[in-house]
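J.:
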Amino acid sequence: MFKGIIEDIGTIVRVDYIQERDIRVFIRPYNVSFLSKVQLGSSVACSGICLSVAQLHSEYFSADISQSTLSVTNTTYWKKGTNINLELSLKINDRLDGHFVQGHVDGIGTIISITKINSSHNIVFQTQQSLLKYIVTKGSIAIDGVSLTVNTTSNNTFSVNIIPHTWENTIFQYNKVTDKVNIEVDIIAKHIEKLYQYNTKL
1 MFKGIIEDIG
11 TIVRVDYIQE
21 RDIRVFIRPY
31 NVSFLSKVQL
41 GSSVACSGIC
51 LSVAQLHSEY
61 FSADISQSTL
71 SVTNTTYWKK
81 GTNINLELSL
91 KINDRLDGHF
101 VQGHVDGIGT
111 IISITKINSS
121 HNIVFQTQQS
131 LLKYIVTKGS
141 IAIDGVSLTV
151 NTTSNNTFSV
161 NIIPHTWENT
171 IFQYNKVTDK
181 VNIEVDIIAK
191 HIEKLYQYNT
201 KL
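Residue numbers (the UniProt record's numbering): 1 to 202.
What follows is the structure, encoded as structure tokens:
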């Protein structure tokens, strides 16, 4: 479990193919101090994807990504030099400054516009209808692991506002139009839908 508050930015330094279609990614955090908090088997949210640390070195760590994860995330676009958001798993005594983020990506979104408005940036995303039904104005959403509030919604798009601190401390600063992002909708919305479906069958 995570809270969507990014702790560091990492860079992909290598991608290896293992066990047919699975991959192993090697990630170097910008700040070496991040690695001091990581152990073998630790859960790390990598641009919103909960991955387990498979190897740990002095300057980087590695994690394995299965075909099932590759099929629903933007990891197929990851290559040497790709920047990703990093967050360590939530501790019991941590403050919940964002919202509960599981690290289970629901799908991919595409950036269709980035507009600077005063000191902030407004980003509009397009995604599949199956996800849009869970995305509501002023609701919570995780984009590449960042806890954000939905600004507006339409038939096939939604937008968020990125404040300067978030812009400067996440990979949003590197994003451009057409980039693919990982989306995790609010788990509460999915639970409510499931309960409703169950009750209507009774």
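Each residue gets a CB set at the ideal place from its N, CA and C atoms; glycine is no exception.
From a predicted model like this one, the values you see are computed outputs, not experimental measurements.
Give every residue of the same chain whose Cβ lies closer than 7 Å to the Cβ of residue 16, excluding the five residues on either side of it in the sequence, and list them in chain order.
T.: For the purposes of this step, residue 16 is identified with residue 16 of the sequence shown, where counting begins at 1. These residues qualify, in order along the chain: 23 and 24.
J.: At which residue ranges does the segment 110-162 contain complete beta strand (DSSP E) runs of 3 or more residues, listed in the order of the chain?
T.: For the segment 110-162, whole beta strand (DSSP E) runs of length 3 or above, ordered along the chain, are 120-126, 140-143, 146-153 and 157-162.
J.: Secondary structure at residue 175, three-state DSSP: helix, strand or coil?
T.: Looking up residue 175 in the sequence shown gives position 175. Correct three-state label for residue 175: coil.
J.: With burial defined as no fewer than 16 other Cβ atoms inside 10 Å of the residue's Cβ, what is the status of residue 57: buried or exposed?
T.: The count along the sequence shown starts at 1 and reaches residue 57 at position 57. Exposed, since its Cβ has fewer than 16 Cβ neighbours within 10 Å.
J.: Residue 31 by DSSP, collapsed to three states: which one?
T.: As a working mapping, residue 31 is identified with position 31 in the sequence shown. Three-state result, residue 31: coil.
J.: With DSSP run on the structure shown, which of helix, strand or coil describes residue 5?
T.: If you number the sequence shown from 1, residue 5 lands on position 5. DSSP places residue 5 in coil when its eight states are reduced to three.
J.: In chain order, what residues of the same chain have a beta carbon less than 6 Å from the beta carbon of residue 59, not counting five sequence neighbours either side?
T.: If you number the sequence shown from 1, residue 59 lands on position 59. Hits under 6 Å: 28.
J.: Is there contact here, the segment 32-47 with the segment 73-93, by at least three beta-carbon pairs under 8 Å?
T.: Yes, the segment 32-47 touches the segment 73-93.
J.: For residue 177, which residues in the same chain have their Cβ closer than 6 Å to its Cβ, ignoring the five residues on either side in sequence?
T.: Here residue 177 refers to the residue found at position 177 of the sequence shown. Only 111 meet the Cβ criterion.
J.: What does a CB cutoff of less than 6 Å around residue 172 pick up in its chain, not counting 5 residues either side in sequence?
T.: Here residue 172 is taken as the residue at index 172 of the sequence shown, counted from 1. Only 162 meet the Cβ criterion.
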